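**Q** In this note's numbering, the protein residues as written are 314 to 848. Where is the CB? At the ideal position from N, CA and C, for every residue including glycine. Here the structure is a predicted model, which means the values were calculated and not measured. I have a structure here, written as structure tokens, and I will follow up with some questions on it.
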């Protein structure tokens, strides 16, 4: 939450000064208001500045004539305590936790460094903050996450965002289903349109041969077309099962509402596995034809969310591959019967699945690269992750670097691995790309003695993901898609405009382009994929 911390006084000092807090209602109103402007210009005012301007009216009752106001941000303890008390249902615990979140203990207080010292002292005392590390001075503007909703029209006039386009294999096709029953399709979002995923579900909803749809949902759009397609499938007699993760952080309340809406429509809703958050992005559609059941669907790195699909970089594999879909089927059977069918996760032999075999298999893949490097052969590991903090995996990567394995990493967020060590035969490269789209995909490439193994994955290399969540890493089996994904990752590794170097000093300096051709990877990936429309 953000507030205006106000100091009220009079020029003649005839009455004592007073302090006040005014909530900035960013949950109910846009934080950015577009004002009438001259031709060729666009004026925007922040909501808090409108409130500042109106302070004399807001506090007119108190007869003050001097007003100062500075933005503060209070972060409260948002953790929802989900203990193992079996007498209380998961839903009851989440509902109680959501109520407690609003009055949780303040754990972080950020303020405008220009704030009046007497007002700051008063606020710190009233909030009960005693640790200096919890009190952080900053600039005039806070809560930058609101800027994701910055009016697009401001930028679109000068630098229009390129629109997603339909995957070339689907562009002329009569149906998405018909194509993926013949071959795998990889959607690279947000360059490819997410509409193809929605179309797949809409087709399944009206296909008389489809008997059931099973899908995992983590974060849904506020007016979800995914939900619309699923409820339509129920109306058409399909059995629809949705694994809806109620513990998706800060989406708990929305997911509780979705649960009620889906159940009212006749959807079977699963609400999680005890002690495991379900973060895998999976869909399984069963189709019966001539006494034969065909399984198809998708494995994705991103959420089924139309809004974020325009802003987040992700990969979604549409497939009817038998080995992949057999494992997806095993995962859904486990999710429906977690207490009795745990053995099914261990039976997965195409997908890597957390928490049962992903860590073991990742360590095995790294060990193989180490063995190859020790034989004086080329060995390499390329990772694209949101975060890298798992100690045992980092230690294994260190061992690989010491053996001479070439390691390249694109890490958007936390990176706990040192890239500089005198014992490394080859120093790992680690970069972070921050640009127009949020780099959300997870991709792993192992050189494998020249026969690359490529995976897309829902999991970061963090203990919480590898050991305490249901996650899935899917191999890319189609040779052309595998090469396409390798090309995309190589474009990102060559970014010298928006890429920063992650080094031991944590300086995060931009990659120096020197005399090289300038590469802005998100632009180049769009161009690379768009060229395929005409091939």
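Please classify residue 805: does DSSP put it in a helix, a strand, or coil?
**A** Residue 805 falls in the helix class under three-state DSSP.
**Q** Skipping 5 residues on each side, what residues in its chain have a beta carbon closer than 6 angstroms to that of residue 877?
**A** This structure does not reach residue 877, given that the chain is present from 314 up to 848, and the question cannot be answered.
**Q** Rounded to a whole number of angstroms, what is the C-alpha to C-alpha distance between residue 610 and residue 520?
**A** Roughly 14 angstroms separates the two Cα atoms.
**Q** Pick from 423, 465, 490 and 747: whose alpha carbon is nearest that of residue 453?
**A** Of the listed residues, the one whose Cα sits closest to residue 453 is 423.
**Q** Are there 16 or more other CB atoms within 10 angstroms of the CB of residue 725, so buried, or fewer, so exposed?
**A** Residue 725 comes out buried.
**Q** According to DSSP, residue 774 sits in a beta bridge with which residue or residues?
**A** Beta-bridge pairing links residue 774 to 701.
**Q** Keeping to the same chain, check which residues put their C-beta closer than 8 angstroms to that of residue 463; ignore five residues upstream and five downstream.
**A** 345, listed in sequence order.
**Q** Would you mind stating whether residue 810 and residue 833 have Cβ atoms separated by less than 8 angstroms?
**A** A contact, by the Cβ cut-off of 8 angstroms.
**Q** How would you write the range of the beta strand (DSSP E) that residue 608 sits in, first residue to last?
**A** Here the beta strand (DSSP E) through residue 608 covers 605–613.
**Q** At a cut of 8 angstroms, does the segment 621–629 reach the segment 511–529 through at least three beta carbon pairs?
**A** Verdict: no, contact absent.
**Q** In the structure shown, what three-state DSSP assignment does residue 552 receive?
**A** Residue 552 falls in the strand class under three-state DSSP.
**Q** Taking C-alpha atoms, which residue in 573, 782 and 743 lies nearest to residue 587?
**A** Here the closest residue by C-alpha is 782.
**Q** So, at 7 angstroms on beta carbons, what are the nonlocal neighbours of residue 401 in its own chain, with the 5 sequence-adjacent residues on each side left out?
**A** At residue 401 the pLDDT is 48, less than 50, meaning the model places this residue with poor confidence; the figure from the coordinates comes in the next sentence. Hits under 7 angstroms: none found.
**Q** Do you know offhand how far residue 360's Cα is from residue 386's?
**A** Their backbone Cα atoms lie some 15 angstroms apart in a straight line.
**Q** Taking the beta strand (DSSP E) that residue 667 belongs to, which residues open and close that run?
**A** Looking at the DSSP string, the run of the beta strand (DSSP E) that includes residue 667 is 665–667.
**Q** For a minimum of 4 consecutive residues, which ranges assigned as the alpha helix (DSSP H) are wholly contained in the segment 326–362?
**A** Within the segment 326–362, no complete alpha helix (DSSP H) run reaches 4 residues.
**Q** If you run the structure through DSSP and keep just helix, strand and coil, what is residue 590?
**A** Residue 590: strand per DSSP, three-state reduction.
**Q** Go through its chain and collect everything with a Cβ distance to residue 601's Cβ below 7 angstroms, but skip five positions before and after it.
**A** For residue 601, where only same-chain residues beyond five positions count, the Cβ hits under 7 angstroms are 522 and 524.
**Q** Hey, would you say residue 589 sits closer than 8 angstroms to residue 572, going by beta carbons?
**A** No, Cβ-Cβ distance for residue 589 and residue 572 is not below 8 angstroms.
**Q** Name the residue from 815, 651 and 315 whose alpha carbon lies nearest to the alpha carbon of residue 701.
**A** Of the candidates 815, 651 and 315, the one whose C-alpha sits nearest the C-alpha of residue 701 is 815.
**Q** Once DSSP output is grouped into helix, strand and coil, what is the label at residue 535?
**A** Reduced to three states, the DSSP call for residue 535 is coil.
**Q** Quick check: the segment 317–324 against the segment 333–351, are there 3 or more CB pairs under 8 angstroms?
**A** The segment 317–324 vs the segment 333–351: in contact.
**Q** Just list the residues that DSSP pairs residue 486 with in beta bridges.
**A** Answer by DSSP bridge pairing: none, since residue 486 is not bridged.
**Q** With respect to 7 angstroms, is the separation between the Cβ of residue 539 and the closest non-hydrogen atom of the ligand GTP below this value?
**A** What this structure holds is no ligand at all, so the ligand GTP is not there to describe.
**Q** Have a look at the DSSP bridge pairing and note the partners of residue 386.
**A** Answer by DSSP bridge pairing, in chain order: 315 and 423.
**Q** In three-state terms, what does DSSP make of residue 371?
**A** In the structure shown, residue 371 sits in a helix (DSSP, three-state: H, G or I).
**Q** Can you tell me which residues form a DSSP beta bridge with residue 849?
**A** The structure shown does not extend to residue 849, since the chain is modelled only from 314 through 848, so no value can be given for it.
**Q** What three-state label does DSSP hand residue 895 in the structure shown?
**A** Shown here, the chain extends from 314 to 848; a query on residue 895 therefore has no answer.
**Q** Using beta-carbon positions only, say whether residue 493 and residue 480 come within less than 8 angstroms of one another.
**A** Their beta carbons are not under 8 angstroms apart, which means residue 493 does not touch residue 480 by this criterion.
**Q** Check the DSSP bridge columns for residue 559 and list the partner residues they point to.
**A** Its beta-bridge partners do not exist; DSSP assigns none.
**Q** What did DSSP end up calling residue 625 once you bin it into helix, strand or coil?
**A** Three-state DSSP puts residue 625 in a strand.
**Q** Consult DSSP for residue 815 and reduce its assignment to one of helix, strand or coil.
**A** The answer is coil: DSSP assigns residue 815 none of H, G, I, E or B.
**Q** Give the range of the alpha helix (DSSP H) segment to which residue 760 is assigned.
**A** Run containing residue 760: none; DSSP gives neither H nor E here.
**Q** Report the rounded CA-to-CA distance for residue 529 versus residue 348, giving the unit in angstroms.
**A** Their backbone Cα atoms lie some 42 angstroms apart in a straight line.
**Q** Classify residue 688: buried if its beta carbon has 16 or more other beta carbons within 10 angstroms, exposed otherwise.
**A** Residue 688 should be labelled exposed.
**Q** May I have the straight-line CA-CA distance separating residue 683 from residue 460, to the nearest angstrom?
**A** So the two alpha carbons sit approximately 44 angstroms from each other.
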